[in-house]
Structure formats: structure tokens, C-alpha cells
Amino acid sequence: MANGALEQTKTIDEPRLEPEGSTTPARPPTTSEKTIGVYDRFKFELVRWFLWAWARTFSLRGLYLLGQFFGSIEYMLDFHRRGRYRKELRRMFGDRNSPKRERKIIRKYFQRTRCDKLFYLVFDRLPREKILKRIRFHGQEHLDGGLAHNNGVYVMISHNGSHHVAGLLMALMGYKCAGVRDRNEGPLRRFVQELYSKTFPEIAAIRVLYADSFPRDIYRCFQENRVVASALDVNRVRGLKLKTCPVEIFGERREFLTGTLQVALRSGATICQGFVVSRKNFYFRLIVNPPLHQPDPQARRGESAAQLSELMQRYADGIAAHLRKYPDHLSRI
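Written out as C-alpha cells, the structure reads:
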């Protein structure tokens, strides 16, 4: 139950933005999209069987307590990861946290991430009604208001918290969703997504778009009035062709990706910022903040450098405010 297999989930990332009208084909699938091996399937099923047997015996609360226990053990033993998290906290907040509060935040981070992974592995075995009862949606009116314009909604998420469950939860709530992600997914992520698609037709209907593909599919998703999500806050830029914009966050200058944001502006989509907050006993808060951009239907679609810079900085400010409130949800370490 230590890191290993359960750690192999990746994040939603950003597409390469080509000039409109380009006919550049998408790159062929990489080896990571090949069939999951028999050994990996057996290993994942064994872990899932154990977790589900535990949940059936001791309830979901018992599974949550199991995750809390293993998270505490990891906190005590994994001093390298603990040290990285402490360094990241101090980089963000300086010396404002006392040593006692710092230790509490780090321990909560270990417990939260372990519990989130346990929930992720048994999600498809839970009754739909039980899942929906565990969702608290804050700002749903902003999402519904944007969809009422029939040009789709772009939700700018970040690599913090359990963002990988956002699309799953929203799809079960009846939203047509699409996510932009890295093509190089680990076998666990692909295995679990395969199971989800077999269990829930709504999840099977989620459009999965790849970061290295031509953005015409993203345009099409906005035309279909979908909710499109991607994370722009990268630690490193993966290619020279990826468009970025400088932002200031926690007193540092960073380069964040802009590709999907540019497509959203050109499509006339409403643009919001969203977060997922993990709570006790596998409850989740889906948070959609008021729109960062509400298009004028009479105005010409497109983006300017000044507009991109303003939106990206507001996005970075939103991330900083969220992490000040939920420091244990910092995930990029």
C-alpha cells in the first residue's frame, strides 16, 4: 500500500496550439497506450479486491480511516518526500508557519493523498447515489450560466488537490465533459479509466484530448457546449512549440501554458477557475469561482497579449489564494 503502483496517476495538461487552419497531424500513440500487461492487471485487481473487501466489512468510513493510518505511516517513514514538502511550503509561505503548524500541514497532505488514492481505486464499485451524496458543489450557478450561452465553458484547473476526480464527479452530475491530458499515462490510470467507462456510461462519454494533438478537437468540444478542463500551471515547459505566459506567484516568476485558454477565447467560451477539495470520509467540494472572462456576443472573438496576460495572472492569483486556504492540497512537489 506504499507509494509504488498507487502513485502512478498523472495530470491533465495542455495542448500544443498550432495556427488555425493547420493540417499538422497528431503524433502517433506512444508505447504507454499499449494494452495493460497481465501482471499489472493482476496486481491492480488484487489491491482493489482488498480495498473493496475492507470497505464492505468496515464501511467507507473504515476505508477512510485505513487511508489515514497508511498516510500517517508514510509521513513518518518517507522523510525525503516530507522534506520536499516542507521546502515547498517554506518557498510559498516563508517562515509564517510555526514548526507545529508546518508538521500538521505536512501530515494532512500525506493522509489526504493516500485517502484520495484509495477512493480513486474503488470509485467504480460504489453506487451512483452514494457518490453523488458525497459531492458539495460550490459555484454551480457560474457553470450553468456559462453553458446557457451554448459556446461551452473552459474550467482552468491546477495541479493541486484531487483534480483527476473532477471530471468523473461532474460527468455523473450530468455535465458533458472533456479533459486535455498527457498521452503518456501510467498503466494504473489507464486501467482504472477503463473500468470507470464500463461501469458508468456518463464517464465513457467524457472526451479525452491529448496534449500533443491538433486543437481542432478542442474547438469541437466548445461547439458541442461541453465543459472543458485543463491544468496550465506547469513546473517545466515540455516543448519549444508550447505557448506560455509569465506570471507572478508566491513572489516568483513562472511560465504557465496558454494553449487551451487561447482556444477558449477564440471559441467564445465562458472561462472559469475550478478546484477540488477533499474532505473527511471521502466527501469532496467542487468549487467553480465566478467567471474570469464572460464573452461579449457582439464582440469579435480572439485574444490579445494584454488579455492573455491579465487572465493568466488572475488564474495564478486564484491558485495562490486557494493554497493559502488549503496548504495541504499542494500537489506539485
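Residue numbers (this note's numbering): 1025 to 1357. Using N, Cα and C, we set each Cβ at its ideal position, and we do this for glycine too. Computed from a predicted model, the values in this text were never measured in an experiment.
For the 9 Å CB-CB criterion, L1354 and Y1088 do not form a contact.
When C-alpha distances from C1245 are compared across V1216, F1299, G1292, R1207, the shortest belongs to G1292. Note: N1184 is bridge-paired with L1354 in the DSSP secondary-structure output. R1131 and G1095 have their C-alpha atoms spaced approximately 8 Å apart. Fully contained in the segment 1223-1275 are the following beta strand (DSSP E) runs of length 3 or more, in chain order: 1231-1234, 1251-1255, 1268-1273. Around the beta carbon of D1257, 16 or more other beta carbons lie within 10 angstroms, which makes this residue buried.
At least 9 Å separates the beta-carbon of R1277 from that of H1162. Taking the Cα positions, Q1286 is about 14 Å away from A1255. By the neighbour-count criterion, in which a residue is buried when 16 or more other Cβ atoms sit within 10 angstroms of its Cβ, M1100 is exposed. Under the DSSP assignment, T1059 falls outside any alpha helix (DSSP H); it carries neither an H nor an E label.
Contact between D1064 and F1215 holds, with the beta-carbon distance rounding to 7 Å and staying under 8 Å. In this structure Q1331 is exposed. Its beta-carbon is surrounded by fewer than 16 other beta-carbon atoms within 10 angstroms. Apart from sequence neighbours up to five positions away, the residues of its chain that approach D1341 with a beta-carbon distance below 8 Å are I1273, ordered along the chain. For Y1220, the three-state secondary structure derived from DSSP is helix. Under the 10 Å beta carbon count, S1328 is surrounded by fewer than 16 other beta carbons and is classified as exposed.
In the three-state DSSP reduction, R1309 falls in the strand class (E or B). Here I1295 is bridged, per DSSP, to Y1178, H1317.
The residue among R1290, R1303, S1221, V1312 with its C-alpha nearest the C-alpha of C1296 is V1312. L1196 is positioned such that its CB atom lies no closer than 9 Å to that of V1146. With fewer than 16 other beta carbons inside 10 angstroms of its own, S1122 counts as exposed. Counting along the chain, R1149 sits inside no alpha helix (DSSP H), nor does DSSP assign it H or E at all. Of L1316, S1302, R1324, the smallest CA-CA separation from R1138 is found for S1302.
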